[in-house]
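Novice: The sequence shown: position 104 = 87 (the numbering used here), numbered continuously.
Structure below; questions to follow.
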Amino acid sequence: MDAASDEGFLLAVLNSTPVIDGVPTDDFADTARARACLASVGGLGTEAELQHLLRVRQALRAVLRGEQPADVLAPELQGVTSVPAMTDGQIAWTLSAPPERRLAVQAILAWDALAKHSPGRLRPCANDECRLFLIDRSKANAARWCSMAVCGNRMKARRHYERARNTQAE
Ligand SMILES: [Zn+2]
C-alpha cells in the first residue's frame, strides 16, 4: 500500500478492489492480511480499524460517483478535532481522532483536501467495467482512464471492434 502521502493512501484505499482478468477482487478481503497492511502504514491493525476504513472506502466511492451526498461521511468525523500548537513561531495542527478511526479520518481529510484544492481531479475511471479511481494532475484535466496502458487501450480496442462490426452490418 502506498502511504507515502495522504493522497497516495487515499488512492490505495479507493483502488483496493481491482478487477483482474474480469474478476472483481478485494485486497482487504483477507482480514489478517488487511490488518497487517494497516499496521504497516502506521495503523493499529485491529478489526475495528479495518471496519471503519471499509465503511469509509464504500462511502467515499459512492460520493465520488455522485450516488451519495458527502454527508454520509459525517459519522466517521464525530469527535475528531484538530489541535494547534506553537513551535518556533509556527502553528502546527495535530489531528486528534479516536485511534481506531485515525486512518479512516485520514482518508476522508485527503479526499476533502483534493476536493478543495483540485476540484474534480479525483474521479472514477471512465471504463465502467473498471472499479479504479484516478487523480488527474495534467494541465488539460482530460484524463479519463486509471491507466492508458490498461483501460485506455482496452476502450480504444472496443470502440474499434464496434466500428468494424457496425461497418460489416451495413
Ligand atoms: Zn480503469
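Glycine residues also receive a C-beta, built at the ideal position from the N, C-alpha and C atoms.
Quantities reported herein were computed from a predicted structural model and do not represent experimental measurements.
Three or more C-beta pairs closer than 8 Å, one from the stretch -13 to -2 and one from the stretch 76 to 92: is that the case here?
Specialist: Counting Cβ pairs under 8 Å, three or more are found: they touch.
Novice: Would you kindly report the start and end of the unbroken beta strand (DSSP E) that includes residue 79?
Specialist: 73 to 79 is the extent of the beta strand (DSSP E) around residue 79.
Novice: Report the CB separation of residue 108 from residue 115 in whole angstroms; it is logged as a contact under 8 Å.
Specialist: Confirmed, about 5 Å.
Novice: By alpha-carbon positions, which one of 86, 72 and 71 ends up nearest to residue 78?
Specialist: Nearest C-alpha to residue 78: 86.
Novice: Go ahead and pull the three-state DSSP assignment for residue 233.
Specialist: Residue 233 lies beyond the residue range present for the chain, which begins at -16 and ends at 153; the question has no answer from this structure.
Novice: Going by Cα to Cα distance, which pick from 21, 102 and 145 is closest to residue 124?
Specialist: Comparing Cα positions, the closest option is 102.
Novice: Would you report the Cα separation of residue 42 and residue 105, rounded to the nearest angstrom?
Specialist: For residue 42 and residue 105, the distance between alpha carbons rounds to 15 Å.
Novice: Does the structure place the stretch 27 to 46 close enough to the stretch -3 to 7 that three or more beta carbon pairs sit under 8 Å?
Specialist: Short answer: they touch.
Novice: Quick one: is the Cβ of residue 20 within less than 6 Å of any heavy atom of ligand 1?
Specialist: Because no heavy atom of ligand 1 lies under 6 Å away, the Cβ of residue 20 does not count as near it: no.
Novice: Since residue 105 is in the beta strand (DSSP E), which residue starts that stretch and which ends it?
Specialist: Its beta strand (DSSP E) spans residues 105 to 107.
Novice: Is any heavy atom of ligand 3 found at a distance shorter than 6 Å from the C-beta of residue -2?
Specialist: Looking at this structure, you won't find ligand 3 anywhere; what it does contain is ligand 1.
Novice: Taking a cut-off of 5 Å, which residues have a beta-carbon closer than that to any heavy atom of ligand 1, in chain order?
Specialist: Listed along the chain, these residues meet the criterion: 108, 110, 113, 115, 129 and 134.
Novice: Which residue marks the beginning of the alpha helix (DSSP H) containing residue 102, and which one marks its end?
Specialist: Where residue 102 is concerned, there is no enclosing alpha helix (DSSP H), given that its DSSP letter is neither H nor E.
Novice: Going by other Cβ atoms of all chains shown within 10 Å of its Cβ, with 16 needed for buried, is residue 59 buried or exposed?
Specialist: Answer is buried; the Cβ neighbour count reaches 16.
Novice: Who are the near neighbours of residue 38 in its chain, counting only those whose CB is closer than 8 Å to its CB and skipping five residues on each side?
Specialist: Only 59 and 87 meet the Cβ criterion.
Novice: Looking at the structure shown, is residue 14 part of a helix, part of a strand, or coil, going by DSSP?
Specialist: DSSP places residue 14 in helix when its eight states are reduced to three.
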